[in-house]
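Undergrad: Sharing a structure below in structure tokens format, with a few things to ask.
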Amino acid sequence: MASKGLLSFTRSFNTLRAFNASTKDPLVQCLAPRLSRSMATEAPLPSNMSEAEHGYNSFSMPEDPNPSSTVITTIYSFPDMEPLRFEYYNDKHLHLPLRRDILHRAVVFEGDMTRQGTASTKTRHEVHGSHRKIRPQKGTGMARLGTKQSPMLRGGGKSFGPHPRDFATQLPRKIYDLAWRTALSYRYRKGQLIVCEDGMDFEHPEGEWATEVFEHNNWGKADGRSLIVTADKRENLFEALGKAPQNGRAITTWDVDVKDLLETGRVVIEKSALDDILREHQSDLIGKVRNAQ
Amino acid sequence: MKVEETSTKNEEIDDDDTTHVGRATTWDGLKWVGTGPVWQPEVAFESFLPADAATHPEVIVASLHRAVVEVFALQQAGIPLHELSAHFPATNRFDWTDGVQITPSSSGATIKMPENTSLQEVMEIAASSEIVEEAAEAKPTESQEDVDADQFEVDPMKAAEKPIIEDDIEPIEAEEGTFVDHATGRTMLFKTFADVISSWDSSWRDISLENPEIKFAVVKRAMQLTGIRIPDAAIKPSNSVKALLNILVIPPKPKKLFEALEQKTDLSELGNVSVYPFRRGFASKEQDIGRLKVLKEALEREGLDLGVKEYE
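As they're listed, the protein sequences go chains F and A.
For the first sequence, the positions run 1 to 293 when the working numbering is used.
For the second sequence, the positions run 294 to 605 when the working numbering is used.
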């Protein structure tokens, strides 16, 4: 039970200590292991093995003795694209193998939950009108008819027509999180994930400025457009790209979807936004927080 | 100055008098109808990478060599690598690394300067001089002299009398086996990029880039000199100069089918196969036999248009 590979490392040290030789003792192994974990939910952070200016500890992914389990990203300044430093991420975050089926499921799941579902028709019971029998059953020589709201008649109700409903489907949380990281990994492998320093913004809120910057950096219409992801709304950047949508679009972390990450030619993302996304979508790597007992 | 008023017979409108409303002489401040004036920035956008990426392999090799030499020169001089841009500013195109030999060693690499030059002097020149050479990518098949003479529209003989060198820097003395660049008046050691590259000790490609600081500095400088952005996924596995060179030199896959088919020679060798970048219709065949011009002229005489344009 303790040898689940990466999962075992991701639990806290206290948890690991519980899985020691004493549990094999037949007298106590039926008992639940004692944990001294706090009640508060610890949000683990993505691995950051560089000289962290933020000063937080990289908790979730401890140092792996095998150095090939990390990937390098270059942090650029925005928008002039000057490399500032290297940052390291775990390969479970940014170097996952491509799983098209999982990406497909996630995109369909997002599409389903985005559906407005407001198509509506009236059944024969809802169409306005009297429910009088419109002609006698026998004697007219014509087909027998009841109410004029019958679906057989023009102006009648619609049988089995659409009604407002919720089209959302369910997808296991871990698969959805894996899809998020698979999309980011796909972009990383293709060289289409550009991580920039925090505080991405333009000097001018003009579409012409956006076009000039994007053309210089080969991010624009000729290169498949780009998605800019920031932690919060940046006035000049969002306004400029809103005026010049042929270059790309700008979006915040809370609005971005897996589908958005796969649509444009590349994704230009702030480091803090990338960390937020990875922190939010790693449930398949980090086990559920157990309640203290 | 937005409203046009008719002047009364007794009054005269003075153009310099701004207190009265009168006829506008320029369009500043007037109301625009339609899209309005096109906004232009006061300062044009400048990115870290140059506008045009280098495409010729020999130029890329020379740029990478320069990046490696500069980084290890700083390391040898004991200067921290993050001061690279201060010592080798982006605007300075003075390439002092042509004759420099660099070989792998225990400390990373050692630099051997050409005779009669010291590393210290050259680094001072590279940091302080404001020579901005216009010579960019030169065709290696032509000599450097010819290319520079073409790029500068100045008479080479006159330019040789006024070298673009600052007074406080001593020009390198012309030695045997060197060439005088007439355009800038400087002495060049080599004529073409191919000569430069073949003069280096080939072990420079085996220099290790495993040290993250060295790798970052080399990658950053190489990107700045070549204009090619190295993708992150390619940085980690490239632990030697040779690996980085492969990433820079090998061009990206063609995006158009026509470009991909152009590179394949087996199709072009077939006598009955022709490959075109566009769909051929009526006008293409007419143009092949030379009849399209005639058709167009005949229609223009009638005031009609064929509605197709000739392919190039």
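C-beta: ideal position from N, C-alpha, C; glycine also.
How big is the Cα-Cα spacing for A/TRP389 and A/VAL354?
TA: The residue given as residue 389 of chain A occupies position 96 in the second sequence. The residue given as residue 354 of chain A occupies position 61 in the second sequence. Approximately 15 Å between the Cα atoms of the pair.
Undergrad: What are the complete alpha helix (DSSP H) segments, minimum 4 residues, inside the stretch 128-162 of chain F?
TA: Counting only runs of 4 or more, we get nothing.
Undergrad: Report the neighbours of A/MET516 on chain F: residues whose CB is nearer than 8 Å to its CB, in chain order.
TA: Sequence index remark: in the second sequence, residue 516 of chain A carries index 223 (1-based). Going along chain F in sequence order, the residues near A/MET516 (Cβ under 8 Å) are PRO83.
Undergrad: Distance check for F/VAL127 and F/ARG234, CA to CA, integer angstroms please.
TA: Along the first sequence, one-based indexing puts residue 234 of chain F at 234. Along the first sequence, one-based indexing puts residue 127 of chain F at 127. If I take the Cα positions, the gap works out to 50 Å.
Undergrad: If we cut at 8 Å on Cβ distances, does A/TRP332 have a partner in chain F?
TA: The sequence position of residue 332 of chain A within the second sequence is 39, counting from 1. With 8 Å as the cut-off, A/TRP332 counts as an interface residue toward chain F.
Undergrad: Over the uninterrupted beta strand (DSSP E) stretch that includes F/ASN90, give me the two end residues.
TA: Counting from 1 along the first sequence, the entry for residue 90 of chain F is found at position 90. Segment 83-90, the beta strand (DSSP E) holding F/ASN90.
Undergrad: Any beta carbon of chain A sitting closer than 8 Å to that of F/GLY248?
TA: Here residue 248 of chain F refers to the residue found at position 248 when the first sequence is read from its first residue. Not closer than 8 Å to any Cβ of chain A, the Cβ of F/GLY248 fails to qualify, so no.
Undergrad: Of all the options A/SER533, A/ILE523, A/ARG522, which has the alpha carbon lying nearest to the alpha carbon of A/TRP497?
TA: Counting from one through the second sequence, the residue named residue 497 of chain A turns up at place 204. That would be A/SER533, whose Cα lies nearest to the Cα of A/TRP497.
Undergrad: Check whether the Cβ atoms of A/PRO397 and A/SER492 sit closer than 8 Å, and answer yes or no.
TA: Here the question's residue 397 of chain A lines up with position 104 in the second sequence. Here the question's residue 492 of chain A lines up with position 199 in the second sequence. Cβ distance not < 8 Å, so A/PRO397 and A/SER492 don't count as in contact.
Undergrad: List, in order along the chain, the chain A residues whose C-beta lies closer than 7 Å to that of F/ILE72?
TA: Within the first sequence, numbered from 1, the residue matching residue 72 of chain F stands at position 72. Near F/ILE72 (Cβ distances below 7 Å), the residues of chain A are ASP525, ILE528, LYS529.
Undergrad: Would you please verify whether the beta carbon of F/HIS204 is less than 8 Å from any beta carbon of chain A?
TA: In the first sequence, residue 204 of chain F corresponds to position 204, counting from 1. F/HIS204 counts as touching chain A.
Undergrad: Please report the distance separating the alpha-carbon of F/GLY207 from that of A/GLY329.
TA: If you number the first sequence from 1, residue 207 of chain F lands on position 207. If you number the second sequence from 1, residue 329 of chain A lands on position 36. Each residue's Cα considered, the two are about 14 Å apart.
Undergrad: Look at A/LEU550 and A/ALA515 and say whether their C-beta atoms are less than 8 Å apart.
TA: Residue 550 of chain A sits at position 257 when you count from the first residue of the second sequence. Residue 515 of chain A sits at position 222 when you count from the first residue of the second sequence. Not in contact: A/LEU550 and A/ALA515 (Cβ atoms no closer than 8 Å).
Undergrad: Taking DSSP as the reference, what is the three-state secondary structure of A/LEU563?
TA: Within the second sequence, the letter at position 270 stands for residue 563 of chain A. A/LEU563: coil per DSSP, three-state reduction.
Undergrad: Residues of chain F with CB under 9 Å from A/PHE551, in chain order?
TA: As a first step, residue 551 of chain A must be located in the second sequence, where it is residue number 258. Here the premise fails: no neighbours, minimum Cβ distance about 17 Å.
Undergrad: In chain A, which residues lie less than 8 Å from F/ARG189 when you measure between Cβ atoms?
TA: By one-based count along the first sequence, residue 189 of chain F stands at place 189. Simply ALA526.
Undergrad: Would you tell me roughly how many angstroms separate the C-alpha atoms of A/LEU592 and A/GLU351, rounded to the nearest one?
TA: For the purposes of this step, residue 592 of chain A is taken as the residue at position 299 of the second sequence. For the purposes of this step, residue 351 of chain A is taken as the residue at position 58 of the second sequence. So the alpha carbons of these two residues sit roughly 51 Å apart.
Undergrad: For F/ASP80 and chain A, any beta-carbon pair shorter than 8 Å?
TA: Along the first sequence, read from residue 1 onward, the residue named residue 80 of chain F stands at position 80. It does: the Cβ of F/ASP80 has a partner Cβ on chain A nearer than 8 Å.
Undergrad: So is A/LEU560 buried or exposed if we call it buried at 16+ other beta carbons inside 10 Å?
TA: By one-based count along the second sequence, residue 560 of chain A stands at place 267. Per the 10 Å Cβ criterion, exposed.
Undergrad: Going by C-alpha distance, which of F/ARG189, F/ALA244, F/GLU215, F/LYS190 is nearest F/PRO205?
TA: Locating residue 205 of chain F in the first sequence gives position 205, counting from the first residue. Comparing Cα-Cα distances from F/PRO205 to each of F/ARG189, F/ALA244, F/GLU215, F/LYS190, the minimum goes to F/ALA244.
Undergrad: Does A/LYS513 have its Cβ less than 8 Å from a Cβ in chain F?
TA: For the purposes of this step, residue 513 of chain A is identified with residue 220 of the second sequence, where counting begins at 1. Judged by the 8 Å Cβ criterion, A/LYS513 is in contact with chain F.
Undergrad: Are the beta-carbon atoms of F/GLU270 and F/CYS196 separated by less than 8 Å?
TA: For the purposes of this step, residue 270 of chain F is taken as residue 270 along the first sequence, with counting starting at 1. For the purposes of this step, residue 196 of chain F is taken as residue 196 along the first sequence, with counting starting at 1. Yes, Cβ-Cβ distance for F/GLU270 and F/CYS196 is below 8 Å.
Undergrad: Let me check understanding here. Comparing Cα to Cα, which of F/PRO83, F/PHE238, F/ILE251 lies closest to F/TRP209?
TA: Walking along the first sequence from the start, residue 209 of chain F turns up at place 209. Of the listed residues, the one whose Cα sits closest to F/TRP209 is F/PHE238.
Undergrad: Quick one: give me the first and last residue of the beta strand (DSSP E) that A/PRO397 is part of.
TA: The residue labelled residue 397 of chain A in the question sits at position 104 within the second sequence. Per DSSP, A/PRO397 belongs to the beta strand (DSSP E) from 394-398.
Undergrad: Taking Cβ to Cβ, would you say F/LEU241 is nearer than 8 Å to F/ALA231?
TA: Taking the first sequence and counting its residues from 1, one reaches residue 241 of chain F at position 241. Taking the first sequence and counting its residues from 1, one reaches residue 231 of chain F at position 231. No. Outside cutoff.
Undergrad: Just reading off the alpha helix (DSSP H) that A/VAL331 is part of, what are its end residues?
TA: Sequence index remark: in the second sequence, residue 331 of chain A carries index 38 (1-based). Neither: A/VAL331 is in no alpha helix (DSSP H) and is coded neither H nor E.
Undergrad: Determine, using beta carbons only, whether A/ASN504 and A/GLY401 come nearer to each other than 8 Å.
TA: On the second sequence, position 211 is the one that residue 504 of chain A refers to. On the second sequence, position 108 is the one that residue 401 of chain A refers to. Yes. Within cutoff.
Undergrad: Mind listing the chain A neighbours of F/VAL213? Cutoff is C-beta to C-beta under 9 Å, in chain order.
TA: As a working mapping, residue 213 of chain F is identified with position 213 in the first sequence. Under the 9 Å cutoff, chain A gives PHE338, SER340.
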